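Residue numbers (my numbering), protein chains in the order written: chain D, 1 to 289; chain Y, 290 to 680. We put the CB at the ideal spot given by N, CA and C, even for glycine. The model shown is predicted, which means the values in this text are computed figures rather than measured ones.
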Amino acid sequence: MAATRGIDRGRVGADAVDQAFADDQAAFVRVQTKAGMDFFSDGLLKWQDIFRPLMGALGVKPHTLVRWFDTNTFFREPELVGKVATVKNPDGVVAAASVPRPRVATLPSPYMFSRAAHSDQDRNRLMLDLAQRVLRPAIDAAVAGGAELVHLEDPWLGYFGIKLQALHHNLKATLAFHVYFGDAGPHIAQLLRLPVDAIGVDLIETDVAELGSVWDKGLVAGIINGRSSILESLDNTVEVARHLADTVRPRNLFLTSNCELGYLPTVVAEQKVLRLGEAAHKAKELASV
Amino acid sequence: MTAELDHKPLLTHEIGSLDKPGWRVKAYAGKPLDEKDLEEARAWGERLAVPEYGKLLDLLRHAPFGKEQKAEIQRWSSLYALRLEESAGLDVVYDGEQQRTEMYDWAVNHTNGFERRGSVRAFDNKYYSKAAVIGPISLREPFHNAEFSYLVSVADAELKIPVTGAYTIADWSFDERYDVDTDLREPAADRRRKRKAARRDFVLEVARSLIRPNLESLIGLGAGWIQVDEPGASTEADELDLFVDSFNASVEGLNATFSTHLCFSDYNLFFPAIERMSQCRQFAVGFANYDSRELGTSDEKRPGYQVIKKFRDLSYKPALGLGVLDIHSDFIESPELVRDRVLHAVTVFDDPSRIHVTPDCGLRTRSWKVAYEKLRNMKAGVELAREALRL
Chain D
1 MAATRGIDRG
11 RVGADAVDQA
21 FADDQAAFVR
31 VQTKAGMDFF
41 SDGLLKWQDI
51 FRPLMGALGV
61 KPHTLVRWFD
71 TNTFFREPEL
81 VGKVATVKNP
91 DGVVAAASVP
101 RPRVATLPSP
111 YMFSRAAHSD
121 QDRNRLMLDL
131 AQRVLRPAID
141 AAVAGGAELV
151 HLEDPWLGYF
161 GIKLQALHHN
171 LKATLAFHVY
181 FGDAGPHIAQ
191 LLRLPVDAIG
201 VDLIETDVAE
211 LGSVWDKGLV
221 AGIINGRSSI
231 LESLDNTVEV
241 ARHLADTVRP
251 RNLFLTSNCE
261 LGYLPTVVAE
271 QKVLRLGEAA
281 HKAKELASV
Chain Y
290 MTAELDHKPL
300 LTHEIGSLDK
310 PGWRVKAYAG
320 KPLDEKDLEE
330 ARAWGERLAV
340 PEYGKLLDLL
350 RHAPFGKEQK
360 AEIQRWSSLY
370 ALRLEESAGL
380 DVVYDGEQQR
390 TEMYDWAVNH
400 TNGFERRGSV
410 RAFDNKYYSK
420 AAVIGPISLR
430 EPFHNAEFSY
440 LVSVADAELK
450 IPVTGAYTIA
460 DWSFDERYDV
470 DTDLREPAAD
480 RRRKRKAARR
490 DFVLEVARSL
500 IRPNLESLIG
510 LGAGWIQVDE
520 PGASTEADEL
530 DLFVDSFNAS
540 VEGLNATFST
550 HLCFSDYNLF
560 FPAIERMSQC
570 RQFAVGFANY
580 DSRELGTSDE
590 KRPGYQVIKK
600 FRDLSYKPAL
610 GLGVLDIHSD
620 FIESPELVRD
630 RVLHAVTVFD
640 DPSRIHVTPD
650 CGLRTRSWKV
660 AYEKLRNMKA
670 GVELAREALR
680 L
């Protein structure tokens, strides 16, 4: 923070910023390692918002500042005027070499991307173009860079007839579609029809009972609250995980936070990552008994 | 606010924050100052005709600084910022919040019941410090009195005090007191209901136990116009009534002019809730961020200002603080662009006395050079509008 503020005001150089990012990333990797995470993230630490590296790859400028749902965080509308170009070098989405493997890559869903953009194009056409010309190259780059789980973020509820085949076809990674900032309960049947390997739900907003018991995909269970500073109880988190495994019976159960942890101070986020790892470890132990 | 100012057409004022000069930041943090810092203090002192600014230069040359010297440097910073706004020609001024750490952090640091948790991104690479409420809320000490008393003693123009509002303070905090026990196996609807009730208790306790006593204290010192800053007000679309209730609980029955500042939102969300905010005499709202940079006064040329009709139609007829400067860009709005934005608003309102002219928000993310040029052009644009309207 101090380094980026300093460079904005001409008080430090780019080297100091790069070093600060490297230090922060190393710290985040240490936390994930300590927590025993199965997939590693680079924390998107250099991303000023979820669209920014893709905008960089497209060579488009950030536009107006817009509130990110009901948070006190803002993003810049991607300015996508005219036909969307095919991304050639989406290097910004590839984690640094220092991030252990296997990795999880996080990207915006094409639906969310198309709705958040400032564009003169038809939104549905734009969504398809973004999927094919921007997100698929980004996914391929991330997978080539060691990602084995590709996590498409989509807090935009209400639309699920999305064309995800272009992302899923011949993909050698697990593709998860995660809905958050809202109750996914009424949409479970539609979500389960999506051509992805796993569905993510925000369990802070969604009733566990609504998930049903006919879950023929993986379940990415958002059980850690990424918007509350209260640390979840270990026992309760394990109990919830076991409850999900017993009642929903997904093909695979992934435990995660309900949304990104960027709404929390780093020290709180680290405690939550550790708690998540602890809970997953204990749940696995109990399951193997 | 004086009666004269209350009815002045196209009254100009700032919103709140300005960047803090390097010499003030370094001195306060105990870091060494270099010649560049001293030159900055000298150049702005000269440019703004700050009286006896040579004393500041002397003081800055005598590091390290003790507690009283740091406080003196902060007062100098206040004086510089005040002169910047006066020199730009604004009718109503303050000190760019030079004596505060930040609008949220400053308030919770003077309040019982909160504990810091760390920093969180607001946008781009800009962060804010976030605390959690952990116990009963009460005012530890009035936290704007010292700066206000100082500014009264040195200001030539009228003062307006920016104060962070209750809803924003609660919204920007974590809740570790009101809604703590959650079991995800419980029905989500029950959990949501408990969360909303807890949130209401939290927001209204901030209004009654923190904001209101602080306002009473300022009014006791003679404060005439207090701006309740609520950048968080529309964060949750279903809580606009709670925002209004918190404003009313903060100011009801108090004897001063109250206004509020809203920014970076879909302003349509505020209607109809703010129809119940009759003690709010002015809404200072950021629009330039959403507007075109083309000249012109028609609806088509001014897309960022479509919603102002709704403010016009409020039955208690508040003034509109019209945001005409984009505070997230170094683009310097020309006087002609400001003029056209103002003329558009005057046409919509058909009453120039209900239009005040302001930046979209505080200018703290801009350098003083950019902020000063923007403010001067804002004033020049208002003069062009006055000429066009023959005021």
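- Boundaries for R489/Y: no beta strand (DSSP E) harbours it, while the alpha helix (DSSP H) harbouring it runs A477 to V495, taken from the DSSP string.
- Looking at the DSSP output, F69/D sits in no beta bridge, so it has no partner there.
- For F28/D, the enclosing alpha helix (DSSP H) covers residues A14 to A35.
- Annotated as proximal: I515/Y and I450/Y, with beta-carbon spacing under 8 angstroms.
- Between K309/Y and Q388/Y, the alpha-carbon positions lie close to 9 angstroms from each other.
- The continuous stretches of alpha helix (DSSP H) do not include I223/D, which lies in the beta strand (DSSP E) extending over residues G218 to I224.
- Counting only residues of its own chain and dropping the five nearest sequence neighbours on each side, A35/D has a CB closer than 6 angstroms to the CB of V273, L274 and G277.
- For the stretch 221-255 of chain D, residues whose beta-carbon sits nearer than 7 angstroms to a beta-carbon of chain Y comprise I223, S228, S229, I230, N236, V240 and H243.
- Taking 8 angstroms as the cut-off, the beta carbon of Y416/Y is found closer than this to the beta carbon of M1/D.
- Residue V99/D holds the alpha-carbon nearest to the alpha-carbon of A26/D among F69/D, Y180/D and V99/D.
- Neighbours of N398/Y in chain D, taken as residues whose beta carbon is under 7 angstroms from its own, are absent, since the nearest beta carbon is some 16 angstroms off.
- Assignment of beta strand (DSSP E) within the stretch 370-451 of chain Y, counting only whole runs of 3 or more residues, yields 400-412 and 415-428 in chain order.
- Interface residue (Cβ-Cβ distance to chain D less than 8 angstroms): F553/Y is classified as such.
- Proximity of G407/Y to chain D, defined by a Cβ-Cβ separation below 8 angstroms, is satisfied.
- Counting C-beta pairs with one atom in each stretch, the stretch 107-121 of chain D and the stretch 65-81 of chain D have three or more that are closer than 8 angstroms, which means they touch.
- Burial check for Y605/Y: the Cβ neighbour count within 10 Å stays below 16, so the residue is exposed.
- Note that the stretch 559-579 of chain Y touches the stretch 600-617 of chain Y; at least 3 beta-carbon pairs, one per stretch, sit closer than 8 angstroms.
- Beta bridge pairing from DSSP links E79/D with H118/D.
- The beta-bridge partner set that DSSP reports for G6/D is empty.
- Chain-order list of chain Y residues neighbouring F181/D: empty, with the shortest C-beta distance near 11 angstroms, by a criterion of under 7 angstroms.
- Per the DSSP secondary-structure output, V201/D pairs in a beta bridge with V179/D and A221/D.
- Across the structure, F354/Y and K315/Y are spaced so that their CA atoms are roughly 11 angstroms apart.
- Residue contact with chain D for R410/Y: present (Cβ-Cβ distance below 8 angstroms to some residue of chain D).
- At a cut-off of 8 angstroms between beta-carbon atoms, Q48/D makes contact with chain Y.
- The beta carbon of L529/Y does not come within 8 angstroms of any beta carbon belonging to chain D, so the residue lies off that interface.
- When secondary structure is reduced to three states using DSSP, P108/D falls in the strand class.
- For W215/D, there is no enclosing alpha helix (DSSP H), as DSSP marks it with neither H nor E.
- Rounded to whole angstroms, the separation of the alpha carbons of F532/Y and P520/Y is 11 angstroms.
- Apart from sequence neighbours up to five positions away, the residues of its chain that approach G593/Y with a beta-carbon distance below 6 angstroms are F576, Y579 and D580, ordered along the chain.
- Between V84/D and V17/D, the beta carbon gap of about 30 angstroms keeps them out of contact (Cβ cut-off 8 angstroms).
- Apart from the 5 residues on each side of it in sequence, V441/Y sits with its Cβ closer than 8 angstroms to the Cβ of L448, L510 and G511 in its chain, given in chain order.
- By the Cβ test, the stretch 101-114 of chain D is not in contact with the stretch 60-71 of chain D, since fewer than three Cβ pairs between them sit closer than 8 angstroms.
- Put simply, the CB of A370/Y is far from chain D, with every gap to its CB atoms at 8 angstroms or more.
- Taking the Cα positions, Q32/D is about 13 angstroms away from H281/D.
- Listed along chain D, no residue sits closer than 8 angstroms to R653/Y by beta-carbon distance, the nearest being about 11 angstroms off.
- The three-state reading of DSSP puts H633/Y in helix, counting H, G and I together.
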